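Novice: Residue numbers (our numbering), protein chains in the order written: chain U, 1364 to 1755; chain E, 1364 to 1755.
Okay, here's the structure, questions in a sec.
There are 2 protein chains.
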Amino acid sequence: MKKEAFHLPEDTIYLDGNSLGPLPKTASERLSKTIYNEWGEMLIKGWNEAGWMDQPRKLGDKLGLLLGCAQGSIVLGDTLSIKVYQALAAALNMSANRKVVLSDSGNFPTDLYMADGLLKTLDKGHELRVVAPEDVISNITDEIAVLMLTQVDYRTGRMHDMNQLTQAAHDVGTVVIWDLAHSAGAVPVNMAQSNAEFAVGCTYKYLNGGPGAPAFIYSRPDIADLIEPALSGWLGHEAPFAFDRDYRPAKGNERMRVGTPPIIQLAVLEAALDIWDDVSIEDIRTKSIELSELFIKEVEERCLQLKLASPRNPSTRGSQVSFTFEHGYAVMQALINEGVIGDFRAPNIIRFGFAPLYNDADDVLGAANILENIMTNKIWDQPKFKKRAAVT
Amino acid sequence: MKKEAFHLPEDTIYLDGNSLGPLPKTASERLSKTIYNEWGEMLIKGWNEAGWMDQPRKLGDKLGLLLGCAQGSIVLGDTLSIKVYQALAAALNMSANRKVVLSDSGNFPTDLYMADGLLKTLDKGHELRVVAPEDVISNITDEIAVLMLTQVDYRTGRMHDMNQLTQAAHDVGTVVIWDLAHSAGAVPVNMAQSNAEFAVGCTYKYLNGGPGAPAFIYSRPDIADLIEPALSGWLGHEAPFAFDRDYRPAKGNERMRVGTPPIIQLAVLEAALDIWDDVSIEDIRTKSIELSELFIKEVEERCLQLKLASPRNPSTRGSQVSFTFEHGYAVMQALINEGVIGDFRAPNIIRFGFAPLYNDADDVLGAANILENIMTNKIWDQPKFKKRAAVT
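As structure tokens, this is what we get:
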């Protein structure tokens, strides 16, 4: 739909935008402006004159349009791990007499690690209860302080029903945090409609913000002013440049800002978000389902050894398709070697992300052809493909 | 000493490198490589093939050479606020039965705000005791769990004696955290020699890493393996890509990494750090004292209304000189209007940073001339200079 807006390497079928989106062609011009015209020429004055100080909120508002967030309710900054910590600390404050945080085994590990770290730091006898994704609904009881889930499972693409689970949680007085890492830019999200208290996510996947692009955090407007931030940094202060001794949180969700914003990463992200100006997320979703359905059909017909790990029903699947295979790692290395880039997730999952901004049916059919050849001719069965790299 | 390595705007005397260092000329080429050759062409493979994953440690080691840190004991990432939180949480864990964190009123507000937030989150009756800088030494008693100081005062440039205070703290079993925001790249620092447990700092001041450049954290090698990180993110895990349920910290200081590193900011920072390859920090210090002494002498001779706010003894002063004046804000606006960029810090301080990498005696004399004219002719006394901008 916008393939011409991205730099994509030749002879490559890129199906890993769910890990790292490709380079928007306009990023370079935007970067140049930030580097030369702003930093180079304005120096310190860039914070005012180039609007650097407002970028976290301004880009938040832009992103908010994609996620159904009211203006002013979402800011960019830090990493997703930090934003999970912030959101969970705030959520626990809202339900001080309950001691259980409910999550599921489909959550991304860092979300659970950050929760572990926070609960240990709090040292008040909290429990992080991790159940199977399908058991979440039956585990939502009035014992649960916070329900903390990633909407789309990073391994399987299984997608939770955000509205249903949020409602179930609210029915028993549980606060809800959604991690939208694999949702933002991939599926329609309406935070306002969901009524969930918090959302967090990253911007380097389907939003194409580049390696290490900043994360985001949303808090529902009616609760934002009640939050006492655990990470009470100066840029979440109501008057950072008064340099007062006492911390007084800024109005609303702006208090979830912490330290100095990463202006150069934000410049790249701005170029990436501009691409969405005339794109409808509903059209993206329609196309994503077409591409995913086509890929499943083609692969299942041709590669009988691969077992679908994603939900078959597209309405419960994000914008990725995963298969399991014992030698999944080697298969993915063989694919990459032939220019089809997806990725591998331990222990045995190969996954393919579909980003209709730049992926089309040719990509799907091309990838299926190459995968078929690798499976049929056991091309994966070579030592060079079986040897694990340190980082995958 | 390296003026040719920086892009500096014409007709500008830049004395605000203690807020934001200028653009290194090589940043653009380095950025281009990261954007096109790495992100653009390697896409997700950049994490391995371009060495992105190792950048926080690799640049930490490079920075460590300037700060007397053993290799592997310092990593880049997040913001200084976050790093303060991490260090303080770890330090408090090391002295669980003491309840007082000692700091001083010369500490940067966000350090104190983050400490407030952490202590409130812990909810174990800790006190953050903030005394005058000169009273720190007499307040170090066996009641103090953690001594947390910024070495160089952001307003006055007053510099603590790191070795002396660390020793005094260790004598009574107190853990020590140094914030090196205004030290790194400005004055010689030797963390190993100081024997302090932790140091944190930012890289956009005298290190010229650009707006929003990542922060750093050091932990002393013999204690690093004992730290249980409060911010237990996946990139501080010993095997991030195993996606295990349980958090197991990485070896040593690498556990202080949290989330996905900001690769584009790190690329710029790398170009900035390369400039230091053949620069001696002792030479920088000698030159910095020459420039500061010259500035004080010239200003005091010509501008009798300005009162020196910095220590007169250069051995207790960082690389900045501050003066107080009731209408300091207006004076700084008038200076900026004439191309002399320093900055203002509430309520009445004008400050000038000296970075011998690109500042020389011509800058000092030029700035003194313009300042003299502004003061003598009361050029500051105009409404346009008195009106405060939202951010200064």
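We put the beta carbon where it would ideally sit given N, CA and C, even for glycine.
All values derive from a computational prediction rather than experimental measurement.
Below 8 Å on the Cβ atoms is my contact criterion, and I expect Gly1431(U) with Ala1587(U) to pass it. Report the Cβ-Cβ distance as a whole number of Å.
Specialist: With a Cβ gap of about 16 Å, Gly1431(U) and Ala1587(U) do not count as contacting.
Novice: For Val1703(E), return the contacting residues in chain U, with the cut-off set at a CB-CB distance below 9 Å.
Specialist: Simply none; closest approach about 12 Å.
Novice: What alpha helix (DSSP H) runs, 4 residues minimum, are completely inside the segment 1707–1732 of chain E?
Specialist: The segment 1707–1732 of chain E contains no whole alpha helix (DSSP H) run of 4 or more residues.
Novice: Using the Cα positions of Lys1396(E) and Thr1375(U), report the straight-line distance between them to the nearest angstrom.
Specialist: Answer to the nearest angstrom: the Cα atoms are 20 Å apart.
Novice: What does Phe1606(U) reach in chain E if we use C-beta pairs closer than 7 Å?
Specialist: By Cβ distance, chain E contributes Pro1472, Arg1708 and Ala1709.
Novice: Any beta carbon from chain A within less than 8 Å of Tyr1692(E)'s own beta carbon?
Specialist: You won't find chain A in this structure, because its protein chains are U and E.
Novice: Measuring only between beta-carbons, confirm whether Ala1508(E) sits less than 8 Å from chain U.
Specialist: Judged by the 8 Å Cβ criterion, Ala1508(E) is not in contact with chain U.
Novice: Which residues, taken in chain order from the segment 1388–1407 of chain E, show a beta carbon closer than 7 Å to some beta carbon of chain U?
Specialist: Listed by position, the residues of the segment 1388–1407 of chain E near chain U (Cβ gap below 7 Å) are Ala1390, Ser1391, Leu1394, Ile1398, Trp1402, Gly1403, Glu1404, Leu1406 and Ile1407.
Novice: So, is Asn1740(E) buried or exposed, given that buried needs 16 or more other C-beta atoms within 10 angstroms?
Specialist: Burial call: exposed.
Novice: Measuring only the C-alpha atoms, how far is Ala1672(U) from Ile1712(U)?
Specialist: For Ala1672(U) and Ile1712(U), the distance between alpha carbons rounds to 8 Å.
Novice: Is His1545(E) close to chain U? Criterion is C-beta to C-beta, closer than 8 Å.
Specialist: By this cut-off, His1545(E) is not an interface position.
Novice: From this set, Leu1728(U), Leu1734(U), Ala1454(U) and Pro1419(U), which residue's C-alpha is nearest Ala1508(U)'s C-alpha?
Specialist: Comparing Cα positions, the closest option is Ala1454(U).
Novice: If you draw a straight line from the alpha carbon of Ala1593(E) to that of Gln1745(E), how long is it in whole angstroms?
Specialist: Taking the straight line from one Cα to the other gives about 51 Å.
Novice: Quick check on Ser1685(U): does DSSP put it in helix, strand or coil?
Specialist: If DSSP states are grouped into helix, strand and coil, Ser1685(U) belongs with the strands.
Novice: Under a three-way DSSP split, which group does Thr1755(E) fall into?
Specialist: Per-residue confidence for Thr1755(E) stands at a pLDDT of 44, beneath the threshold of 50, marking its modelled position as unreliable; no derived number is given.
Novice: Can you find a C-beta in chain U that's less than 8 Å from the C-beta of Ile1647(E)?
Specialist: Cβ-Cβ to chain U under 8 Å: no for Ile1647(E).
Novice: Which residues in the same chain have their Cβ closer than 7 Å to the Cβ of Arg1611(U), if we skip the five residues on either side of it in sequence?
Specialist: Once the five neighbours on either side are set aside, the close Cβ partners of Arg1611(U) are His1600 and Glu1601.
Novice: Can you tell me which of the three DSSP states Met1738(E) falls into?
Specialist: In the structure shown, Met1738(E) sits in a helix (DSSP, three-state: H, G or I).
Novice: Please state if the CB of Pro1577(U) and the CB of Asp1467(U) are separated by a distance shorter than 8 Å.
Specialist: It is not a contact, given that the beta carbons lie outside the stated cut-off.
Novice: Can you pull the chain U residues whose beta carbon is under 7 Å from the beta carbon of Asp1744(E), in chain order?
Specialist: In chain order: nothing, as chain U lies at least about 22 Å away.
Novice: Please list the residues of the segment 1590–1617 of chain E that have a C-beta atom closer than 9 Å to any C-beta atom in chain U, keeping them in chain order.
Specialist: Hits within the stretch, in order: Glu1591, Pro1592, Ala1593, Leu1594, Ser1595, Gly1596, Trp1597, Leu1598, Gly1599, His1600, Pro1603, Phe1604, Ala1605, Phe1606, Asp1607, Arg1608, Asp1609 and Tyr1610.
Novice: In chain E, which residues lie less than 8 Å from His1370(U) when you measure between Cβ atoms?
Specialist: Those are Tyr1399 and Gly1403, listed as they occur along chain E.
Novice: For Gly1572(U), which residues does DSSP report across the bridge?
Specialist: Answer is none; Gly1572(U) lacks a bridge partner.
Novice: For the structure I just gave you, are there three or more beta carbon pairs, one from the segment 1713–1731 of chain U and one from the segment 1655–1663 of chain U, closer than 8 Å?
Specialist: Contact holds: three or more Cβ-Cβ distances are below 8 Å.
Novice: Look up Ala1413(E) in the DSSP assignment and say whether it is helix, strand or coil.
Specialist: Residue state, collapsed to three classes: coil.
Novice: Helix, strand or coil for Met1614(E), going by three-state DSSP, please let me know.
Specialist: According to the sequence shown, residue 1614(E) is Lys rather than Met. If DSSP states are grouped into helix, strand and coil, Lys1614(E) belongs with coil.
Novice: Identify which residue in Asp1607(U), Gly1691(U) and Asp1637(U) has its Cα closest to the Cα of Val1493(E).
Specialist: Measuring from the Cα of Val1493(E), the nearest candidate turns out to be Asp1607(U).
Novice: Is the beta carbon of Phe1369(U) sitting closer than 8 Å to the one on Leu1383(U)?
Specialist: Cβ distance not < 8 Å, so Phe1369(U) and Leu1383(U) don't count as in contact.
Novice: Rounding to the nearest angstrom, what Cα-Cα distance links Gly1345(U) and Gln1668(U) in this structure?
Specialist: Chain U is shown from 1364 up to 1755; residue 1345(U) falls before or after that span and cannot be answered.
Novice: Cβ of Ala1544(U) within 8 Å of Cβ of Thr1513(U)?
Specialist: Their beta carbons are under 8 Å apart, which means Ala1544(U) touches Thr1513(U) by this criterion.
Novice: Taking only the alpha-carbon atoms, compute the straight-line gap between Leu1528(U) and Ile1500(U) and give it to the nearest angstrom.
Specialist: Each residue's Cα considered, the two are about 7 Å apart.
Novice: So with Cβ pairs under 8 Å, would you call Gln1628(U) a contact of chain E?
Specialist: Yes, Gln1628(U) counts as interfacial toward chain E.
Novice: Any C-beta of chain U sitting closer than 8 Å to the C-beta of Trp1639(E)?
Specialist: Not closer than 8 Å to any Cβ of chain U, the Cβ of Trp1639(E) fails to qualify, so no.
Novice: Is DSSP giving Ala1562(E) helix, strand or coil here?
Specialist: DSSP places Ala1562(E) in strand when its eight states are reduced to three.
Novice: For a contact defined as C-beta to C-beta under 8 Å, what are the partners of Ser1382(E) on chain U?
Specialist: What Ser1382(E) touches in chain U: Ile1407.
Novice: Can you name, in chain order, every residue of its own chain whose Cβ lies under 6 Å from the Cβ of Asn1553(U), other than the five neighbours on each side?
Specialist: So the qualifying residues of the chain are Gly1431.
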